[in-house]
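Undergrad: Note that the sequence shown covers residues 4 to 666 in this note's numbering.
Just so you know, even glycine gets a beta-carbon here, dropped at the ideal spot from N, CA and C.
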Amino acid sequence: MALTACTDKNPFEQKWDTPYGTAPFSKISEADYKPAILKGIKERAAEIEAIVSNPEAPTFENTIAAFENSGQLLSRVTGVFYNISESDATPSIQALVDELTPAMTAASDEIFMNKGLFERVKAVYENSAELTREQQMLTKELYEGFIQNGVGLDEAGQARFKEINSALASLSQKFGNNLLAENNAFKEKTGVTVSAYPDFMTSCPDRAAREKAFKAYSSRGNNGNENDNNAIVLEIMKLRTEKANLLGYKTSAEYLLSDKMAGNPGNVDEFLSKIMAAAMKKAKEEIYDMQKVMDEDIKAGLLPAGSKIQPWDWFYYAEKVRGRKYDLNEDITKPYFQVDSVRKGVFYAAHKLYGINIEEAPEVEVYNPEVKAYKLTDADGSFVGIFYSDYFSRDTKRGGAWMNNFREQYIDVNGNDVRPVIVNVCNFPPATEETPSLLSIDNVQTAFHEFGHALHGFLSKCTYSGVSGTAVKRDYVEMLSQFNEHWAFQKEILSHYANDYRTGETIPDELVEKIGNALKFNQGFMTGELCAASILDMKWHELSAEEIAGFTDAQSIRDFETKVCKEMGLIDEIIPRYRTTYFNHIFNSGYSAGYYSYLWSEVLDCDAFECFKENGLFNEEIAMKFRRTFLERGGSEEPMVLFEQFRGKQPDPGALLRNRGLE
């Protein structure tokens, strides 16, 4: 009986006797999640109560550190559960997320509205001068978290705040579920997956088919069916604005930006308007070049007279122009970018810059047969962490690409350096019967981008998980991922991974040069659609409660989008990278009033990369300074302080424009 009881025990409550303490996925069933999460919530509540009822005067150790060390069971189970829910979202897993999200949200609210706990945190915050800088930052983040989560509200205000948080959590999950269903419907309707859409639009000569695909792609979540996101968007925005109003902010943008680097909506708006102006100037030149090629097709009888470039023509004719300008197209480059070779290049760049060694770890269990596990060690042989790569698209995976932690880096109560377990999830095209998985230039950049996030997590040397790795301000976190993209097509890196999968031939120098020249091609479009989405995000969150009340239906959302695009100067041939009803970043992924972060962070990463160009791309001293200043420090210091420590000056906004060929 004792053996049976031990065997039947929930795996989340047992010590994981696995290599490196990774999750024993084969022993975890869907039935294990709910009881483990509910027990984890109960355990954490008891730990919080013990902190509040401690008769000793508040100190960092008995309050802030004790808070950091609470909720171990809950962290363990949610680290697995929420990763699986995004990358392998079966209907039953989705149902579990829907069921458990309200309980998780309510438990968080109980903590951050606990006035007794807040008073202890406040006492430490107000007497933090003698703490280490990392302890000060952790205390500050926790203190501000209480303020931002309504601890100062009266009883009625807190009750309403909790209702709003619960509703928002459910609505965001519903938005994501609807979008996953719409993505799968898009595939059924067009025969093309969402992740393969850019490749299809680039290569398909059938203009009618391109138009059909474009209209299906750009109307996801806006089809008046059971997966329609219009009503959800309006309800989310109403609730977000009401939440901001409760805390004394006029708009949700003011509330959401109050603890970011940008500080306020005005700074973001000014920043984005300058980029948009430069992008549209360039985009008009790009249209002129494409129209000349289209005119040749008209003359050849392939298109009706008077045909003009439309949004569904951009990818196709831009590729034709690129082929002429640079004698380059994806059919030439893809054979050199087989997915396993690209992953090898990603790993080699990390080794070349930071001395990291990465080897496959077949002894580590994975959650899906398509996933591979790797062990990272430092130059001195010390263990760095475990990395999962989950690269291929599938119906149960949400769109896009991201990095997540199964476990963060921190120093435990016994002084042990707990090393991270990190996953990169992408939606690369799987192998076919004819070819292995071959990546586009954009896919290659994505692989390097996501591993940049992973390096931020892996190389962390912090004491507390609350400020380790990627636990930083939202408009700073993309700096380290985008910085890593700069290495993807450096000749020294390419020579170690870019080999023709058919012949083994290393990518020739002339093709490397063409890729380098072409990286600044089509940047009017690329920058414009990204900047347009960032502005659309901001304009949604800059609406007042009265203005949002004026929205009544799907058409009012479309009218708002049209108005915003016209005011920002977006030309008709380009639409925002994400339209409202499929803008998962801002309605389901934590980037609300924060999508600008990619461009804001790009100023930082481009300026930092210019330091490498000035001192030698593979200057070991500069690379180690970058590692020590940024990658090891996490959120243990203010981002601008770290930047100035590395660069010796404020970031230059022109670095972004130079990098994109817009200046």
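Count the other CB atoms within 10 Å of the CB of I335; is the residue buried (16 or more) or exposed (fewer)?
TA: In the sequence shown, residue 335 corresponds to position 332, counting from 1. Classification of I335: exposed, given that the 10 Å Cβ count is below 16.
Undergrad: What residue range is occupied by the uninterrupted alpha helix (DSSP H) comprising V55?
TA: Position 52 of the sequence shown, counted from the first residue, corresponds to residue 55. First-last of the alpha helix (DSSP H) with V55: 33-55.
Undergrad: Going straight from the alpha carbon of T135 to that of E129, what length do you get?
TA: Numbered from its first residue, the sequence shown carries residue 135 at position 132. Numbered from its first residue, the sequence shown carries residue 129 at position 126. C-alpha separation (whole angstroms): 14 Å.
Undergrad: Let's test the definition: count the other Cβ atoms within 10 Å of the Cβ of D415 and tell me whether it reaches 16, buried, or not, exposed.
TA: As a position in the sequence shown, residue 415 is number 412, starting the count at 1. Its Cβ having fewer than 16 others within 10 Å, D415 is exposed.
Undergrad: CA-CA distance, K246 and H459?
TA: For the purposes of this step, residue 246 is identified with residue 243 of the sequence shown, where counting begins at 1. For the purposes of this step, residue 459 is identified with residue 456 of the sequence shown, where counting begins at 1. Going by the C-alpha atoms only, they are around 32 Å apart.
Undergrad: On the DSSP bridge list, what partners appear for Y413?
TA: The residue you call residue 413 lines up with position 410 of the sequence shown. DSSP output for Y413 lists V421 as bridge partner(s).
Undergrad: Could you tell me how far apart the beta carbons of I239 and T142 are, in whole angstroms, since I believe they sit closer than 8 Å?
TA: Here residue 239 refers to the residue found at position 236 when the sequence shown is read from its first residue. Here residue 142 refers to the residue found at position 139 when the sequence shown is read from its first residue. The Cβ separation is near 32 Å, so there is no contact.
Undergrad: Tell me which residue opens and which closes the alpha helix (DSSP H) that L602 is part of.
TA: Taking the sequence shown and counting its residues from 1, one reaches residue 602 at position 599. Counting along the chain, the alpha helix (DSSP H) containing L602 begins and ends at 600-618.
Undergrad: What is the DSSP secondary structure of M406, reduced to helix, strand or coil?
TA: By 1-based counting over the sequence shown, the position of residue 406 is 403. DSSP places M406 in strand when its eight states are reduced to three.
Undergrad: What does a CB cutoff of less than 7 Å around F15 pick up in its chain, not counting 5 residues either side in sequence?
TA: Here residue 15 refers to the residue found at position 12 of the sequence shown. So the qualifying residues of the chain are D35, A39, L76, R79, V80.
Undergrad: For V342, does the count of other Cβ atoms within 10 angstroms reach 16, so buried, or fall short, so exposed?
TA: Looking up residue 342 in the sequence shown gives position 339. So V342 ends up on the buried side.
Undergrad: Below 8 Å on the Cβ atoms is my contact criterion, and I expect N587 with G309 to pass it. Report the Cβ-Cβ distance as a whole number of Å.
TA: For this step, residue 587 is matched to residue 584 along the sequence shown. For this step, residue 309 is matched to residue 306 along the sequence shown. Contact flag wrong, Cβ pair sits at about 38 Å.
Undergrad: Could you please give the first and the last residue of the uninterrupted alpha helix (DSSP H) stretch that includes Y479?
TA: As a first step, residue 479 is located in the sequence shown; it is residue number 476 there, counting from the start. From DSSP, the alpha helix (DSSP H) with Y479 extends over 477-488.
Undergrad: Is the beta carbon of S463 closer than 8 Å to that of K337?
TA: In the sequence shown, the residue the question calls residue 337 occupies position 334. In the sequence shown, the residue the question calls residue 463 occupies position 460. No. Outside cutoff.
Undergrad: Grouping DSSP H, G and I as helix and E and B as strand, with all else coil, what is I114?
TA: For the purposes of this step, residue 114 is taken as residue 111 along the sequence shown, with counting starting at 1. Correct three-state label for I114: helix.
Undergrad: Among K42, R650, S198, K165, which has the Cα closest to the Cα of T108?
TA: Within the sequence shown, the letter at position 105 stands for residue 108. Checking every option, the nearest Cα to that of T108 belongs to K165.
Undergrad: Roughly how many angstroms lie between the CA atoms of T254 and A596, to the nearest whole one?
TA: As a first step, residue 254 is located in the sequence shown; it is residue number 251 there, counting from the start. As a first step, residue 596 is located in the sequence shown; it is residue number 593 there, counting from the start. Taking the straight line joining both Cα atoms gives about 11 Å.
Undergrad: Taking the continuous alpha helix (DSSP H) assigned at N186, which residues delimit it?
TA: For the purposes of this step, residue 186 is identified with residue 183 of the sequence shown, where counting begins at 1. From DSSP, the alpha helix (DSSP H) with N186 extends over 158-193.
Undergrad: Relative to the C-alpha of L539, which candidate in D503, N502, E495, I589 has its C-alpha closest?
TA: Taking the first residue of the sequence shown as 1, we reach residue 539 at position 536. Residue I589 is the option with its Cα nearest to L539.
Undergrad: Cutting at 8 Å between CB atoms, please list the residues of its own chain near V55, excluding the five before and the five after it.
TA: Looking up residue 55 in the sequence shown gives position 52. So the qualifying residues of the chain are N117, G119, L120, R123.
Undergrad: For F431, which three-state DSSP category applies?
TA: Translated into the one-based positions of the sequence shown, residue 431 becomes position 428. Three-state DSSP puts F431 in a strand.
Undergrad: Give the straight-line distance between the Cα atoms of L99 and I496, rounded to the nearest whole angstrom.
TA: Within the sequence shown, numbered from 1, the residue matching residue 99 stands at position 96. Within the sequence shown, numbered from 1, the residue matching residue 496 stands at position 493. C-alpha separation (whole angstroms): 44 Å.
Undergrad: Within the same chain, show all residues whose beta-carbon is closer than 7 Å to that of N662, passing over the 5 residues directly before and after it, in chain order.
TA: Counting from 1 along the sequence shown, the entry for residue 662 is found at position 659. The answer, listed in chain order, is C609.
Undergrad: What does the alpha-carbon distance come out to for the pair V374 and E363?
TA: As a first step, residue 374 is located in the sequence shown; it is residue number 371 there, counting from the start. As a first step, residue 363 is located in the sequence shown; it is residue number 360 there, counting from the start. One C-alpha to the other measures close to 11 Å.
Undergrad: If distances are taken between C-alpha atoms only, which option among F431, R410, V428 comes closest to R422?
TA: For the purposes of this step, residue 422 is identified with residue 419 of the sequence shown, where counting begins at 1. R422 has its Cα closest to that of R410, out of F431, R410, V428.
Undergrad: Going by DSSP, name the residue or residues bridged to L2.
TA: As displayed, the chain neither begins before 4 nor continues past 666, which places residue 2 out of reach and without an answer.
Undergrad: Here's the rule: buried if 16 or more other CB atoms are within 10 angstroms of the residue's CB, otherwise exposed. What is F386?
TA: On the sequence shown, residue 386 is found 383 positions in, with the first residue counted as 1. So F386 ends up on the exposed side.
Undergrad: Cβ of W490 within 8 Å of Cβ of A352?
TA: Your numbering for residue 490 matches position 487 in the sequence shown. Your numbering for residue 352 matches position 349 in the sequence shown. Yes; because the gap between Cβ atoms is below 8 Å, this pair is in contact.
Undergrad: What are the start and end residues of each continuous beta strand (DSSP E) run of 3 or more residues lying completely inside the segment 321-367, in chain order?
TA: Counting whole runs of 3 or more residues, the segment 321-367 contains the beta strand (DSSP E) stretches 360-363.
Undergrad: In terms of DSSP beta bridges, what is V369 paired with?
TA: Locating residue 369 in the sequence shown gives position 366, counting from the first residue. DSSP output for V369 lists no bridge partner at all.
Undergrad: Exposed or buried, Y552, counting other C-beta atoms within 10 Å across all chains shown (16 or more means buried)?
TA: Numbered from its first residue, the sequence shown carries residue 552 at position 549. According to the sequence provided, residue 552 is Ala. The question's Tyr does not apply to it. So A552 ends up on the exposed side.
Undergrad: Which residues in the same chain as A626 place their Cβ atom closer than 7 Å to its Cβ, once the five residues preceding and following it in sequence are excluded?
TA: Counted from its first residue, the sequence shown places residue 626 at position 623. So the qualifying residues of the chain are L356, Y357.
Undergrad: Please check the pair V470 and E102, which I expect to be a contact at CB under 8 Å, by giving their CB distance rounded to whole angstroms.
TA: On the sequence shown, position 467 is the one that residue 470 refers to. On the sequence shown, position 99 is the one that residue 102 refers to. No, V470 and E102 are not in contact; Cβ-Cβ is about 32 Å, not under 8 Å.
Undergrad: Between which two residues does the beta strand (DSSP E) carrying L379 extend?
TA: As a first step, residue 379 must be located in the sequence shown, where it is residue number 376. It spans 375-380 - the beta strand (DSSP E) in which L379 sits, taken as one unbroken run.
Undergrad: For L533, does the count of other Cβ atoms within 10 angstroms reach 16, so buried, or fall short, so exposed?
TA: The count along the sequence shown starts at 1 and reaches residue 533 at position 530. Buried, because 16 or more other Cβ atoms sit within 10 Å of the Cβ of L533.
Undergrad: Taking the C-alpha atoms as reference points, what is the distance between T7 and K30?
TA: Mapped onto the sequence shown, residue 7 falls at position 4. Mapped onto the sequence shown, residue 30 falls at position 27. With a pLDDT of 34 at T7, under the threshold of 50, the modelled position of this residue cannot be trusted; read the value that follows with caution. Approximately 15 Å, taken between the alpha carbons.
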